[in-house]
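Quick notes on the structure that follows.
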Amino acid sequence: MGAEKEIAMNPAIWGVSDLAEYQAKMQTGIENLADIHDCDVAIGETPKDAVFSIEKVTLYKYRPLDSSCTSDETLTREPILIAYSLFGRYNMLDLQSDRSVVRNLLAQGHTVYIIDWGNPNKSDRWLSYDDYVGRYLSDCVDFICHQQNIERLTLFGICEGGTFAACYASLFPEKLGALVLAVTPIDFHADLDAEEPRKRGYLGGMMRQLSPAQITDLIDSFGCLPGHLSGTVFREMTLLDTCKKYGPSLVEAVSGSKEAALNFLRMEKWLLDRPHHPAEAAKQWLIDLYHANRLIDGSFLVNGQPVLLENLNMPVLNIYAKHDHIIPPPESQALKGLVGNDCEYRELELNAGHIGAFVSRRANAAISEAISNWIPSIEHAKHPPQALS
Amino acid sequence: MTADKHDFFQQWADFLTGAVNPFAFDEQTVTQSKRGAEQLFETADDAYQTMLSHYDRLLSRHADKQGVPALDTFMGFDLKLKDMADAYADLLGAMANLNALNFEAATAPFRCADLAGFSPEAMQRPFEAKWQSFVDESLVEMQRSQAYLTAKSDYVSCLAKFQKSYRSLVESFQEYNHAPTLSEFEDLTKQMHELRRELWALKKKLP
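Protein sequences, first through last, are from chains A and B.
Under the working numbering, the residues of the first sequence are numbered 250 to 638, in order.
Under the working numbering, the residues of the second sequence are numbered 86 to 292, in order.
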């Protein structure tokens, strides 16, 4: 580029007024950060009690928002059990008081339980879907039904937790009054035919390129799927945004109001707190599901039993995010053609991304309202289900 | 080192000059920067291979003589160290390939942009956002390309190989120092896991 053009461009980029504005923002950002402490960036603060545990897994029951009301006496709708993914912490659903799916459900009088999968390490490398679906999720459902003296409840699964929930619902349909899935992949190859590159999933493409031996080697070499490795993969999906976020946009993020800076820090706290994924379950996720797409043809097994999505005969609400770059919508929408004939099936499209569906105010409210309207009455939960035809 | 030290630092300088020039988005400068990086790695690889050949000659200096037993002075530890070093070099090469693809995709919109009609007024926020979206699209398209997937596959294999060789080296050290290894730990946890599942199944059968 010629020297003349360089000179002409420089003032536009580094104009004195722009520089002064940037410096002022930096100053505000520094002042905000100096005034913020660790305890201010707490997430998942809605009060809850640990009511059951099995090995490292803990089942929490949230306290009613109105502490004078005991939810056991006023149970009018099926309790809802939330199962999150193993790739992040469950407390994303309760990020802060004004962006909390959990609080929204509690505000509408629902009884909410959530599963904390714990902190897997190398000693948990042998845990698989047989354990997460067949033991942990199953025991949590049984506990809640026993505690609440009901036959069925509503299961809400998110992302990989949704895949857990779909597997459980297929194996034990009589235990669920309703199923809610959010940003859940069902057909892991549904994005193959997308013409636009952006609509083809990054993860799917990579897992289809790698051989099962390569994936096994990688996971075995670490003894797990490390949280920092999966975090890096998620960050590189949006490479430019990641570079900007920790570069030029960082000053913008912390230089607004103190509350805006806290919002940013809470999100970062959740994003960077990635647990390790147990090795055998990770191999099933990446090889059986992502690479071989076994869920849609009934060849995926849990405890030796095939997972048959046609067994889903309860009301199913399938929520997906229109701009989801991690789970492209077709991967979730594929469930429509796979559920049982008796299944009351409904989809909800959110104008948000994979995480934005839960942390953006508008999408958060939409998701909470849709789920609230989907949960059956308690009378439904107390009667035995009809026999499968 | 087989390469002259002066040449080596010149290659570093060429690469850095190309990389830090904020307006170096024309084809010639990007190519120069890439060539500098390639030459840099070739020189480093030459030096490494020379060092390895010296080491191999040292270990095998008596191999030609008849009747001399093969020595295992370091109980295989040296060979595991060599394997790890080889794996690390391969990993660096795979990472460099990926970074080269990212760099090429990130700079492609600049090289294609028509800068003749540039003006300071054009460098306003809406233009920056537009330009960023070009770079984003270029990166997304590159990440779905076969070249990237192949480079990523190579990277995954190299990463696994490096981790395995590193683990093998560490486990050698642990064994010779009477410390439990990760492999033994995995053996133990597998048995515990199976026992836990049996116990769970038995509890389910209890009234």
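Beta carbons are placed, not taken as given, at the ideal position from N, Cα and C, and that holds for glycine.
In this text the structure is predicted, and so the values were computed from the model without any measurement.
Gly406 (chain A) is bridged by DSSP to A:Ala332 and A:Leu430. When secondary structure is reduced to three states using DSSP, Ile568 (chain A) falls in the strand class.
From the beta-carbon of Gln248 (chain B), the residues of chain A found nearer than 7 angstroms are Ser470 and Phe471. For Gly454 (chain A), the chain B residues whose Cβ falls inside 7 angstroms of its Cβ are Arg229 and Leu234, in order along the chain. Taking C-alpha positions only, Arg229 (chain B) is separated from Glu517 (chain A) by approximately 27 angstroms. Closer than 8 angstroms to the CB of Arg484 (chain A) there is not a single CB belonging to chain B. Lys310 (chain A) carries a strand assignment under DSSP once its states are collapsed to helix, strand and coil.
For Trp216 (chain B), the closest Cβ of chain A is not nearer than 8 angstroms. With a threshold of 8 angstroms between beta carbons, Pro446 (chain A) makes contact with chain B. One Cα belongs to Asp365 (chain A), the other to Gln231 (chain B), and the distance between them is close to 39 angstroms.
Contacts with chain B at 8 angstroms (Cβ-Cβ) include Ser372 (chain A). Nearest C-alpha to Lys215 (chain B) among B:Leu234, B:Phe195, B:Tyr233 and B:Ser257: B:Phe195. Between Ile329 (chain A) and Thr403 (chain A) the beta-carbon gap is near 5 angstroms, inside 8 angstroms, which marks them as a contact.
Its chain contains Glu598 and Asn600 as the residues whose beta carbon lies nearer than 6 angstroms to that of Lys571 (chain A), once the 5 sequence neighbours on both sides are disregarded; these appear in chain order.
The beta carbons of Thr487 (chain A) and His574 (chain A) sit closer together than 8 angstroms.
At a cut-off of 8 angstroms, the C-beta of Ala245 (chain B) has a neighbouring C-beta in chain A. In the DSSP assignment, Arg595 (chain A) forms a beta bridge with A:Leu566. Here the stretch 478–493 of chain A does not lie against the stretch 266–277 of chain B, with fewer than 3 beta-carbon pairs under 8 angstroms apart.
Cβ contact annotation for Ala531 (chain A) (same chain, cutoff 6 angstroms, sequence separation greater than five): Ile468 and Leu474, in chain order. Three or more Cβ pairs closer than 8 angstroms define a contact, and the stretch 573–591 of chain A falls short of that threshold against the stretch 457–471 of chain A.
Chain A places a beta carbon closer than 8 angstroms to that of Ser238 (chain B), counting this residue as a contact. Val361 (chain A): member of the beta strand (DSSP E) spanning Val361 to Asp365, first to last residue. Cα atoms of Val290 (chain A) and Lys297 (chain A): separation of roughly 18 angstroms, rounded to the nearest angstrom. Within the DSSP bridge table, the entry for Ile303 (chain A) names A:Val306 as partners. Contact between Ile464 (chain A) and His526 (chain A) does not hold, since their C-beta atoms are separated by about 12 angstroms, which reaches or exceeds 8 angstroms. Under DSSP, the beta-bridge partners assigned to Asp298 (chain A) are A:Lys310. Close CB contacts of Thr307 (chain A) within its chain, under the 8 angstroms cut and outside five residues either way in sequence, are with Ala299, Phe301, Ile364, Asp365 and Gly367 (chain order). By the Cβ criterion, the stretch 452–463 of chain A is not in contact with the stretch 585–595 of chain A, since fewer than three pairs of Cβ atoms, one from each stretch, lie closer than 8 angstroms. With at least 16 other beta carbons inside 10 angstroms of its own, Tyr233 (chain B) counts as buried. Of A:Trp375, A:Asn552 and A:Ile331, the smallest CA-CA separation from Leu355 (chain A) is found for A:Ile331. Residue range Lys507 to Leu521 is occupied by the alpha helix (DSSP H) that includes Leu521 (chain A), with no beta strand (DSSP E) assigned at that position.
With the criterion set as a beta carbon lying under 8 angstroms from some beta carbon of chain A, the members of the stretch 181–197 of chain B are Asn187 and Ala191, in sequence order.
In the structure shown, Leu344 (chain A) falls within a strand segment according to DSSP collapsed to helix, strand and coil. Within the stretch 574–623 of chain A, complete beta strand (DSSP E) segments of at least 3 residues are found at 594–599, given in chain order. Annotation: Glu445 (chain A) is outside any alpha helix (DSSP H) and is labelled neither H nor E by DSSP. With its beta carbon at least 8 angstroms from every one in chain A, Ser257 (chain B) lies outside the interface.
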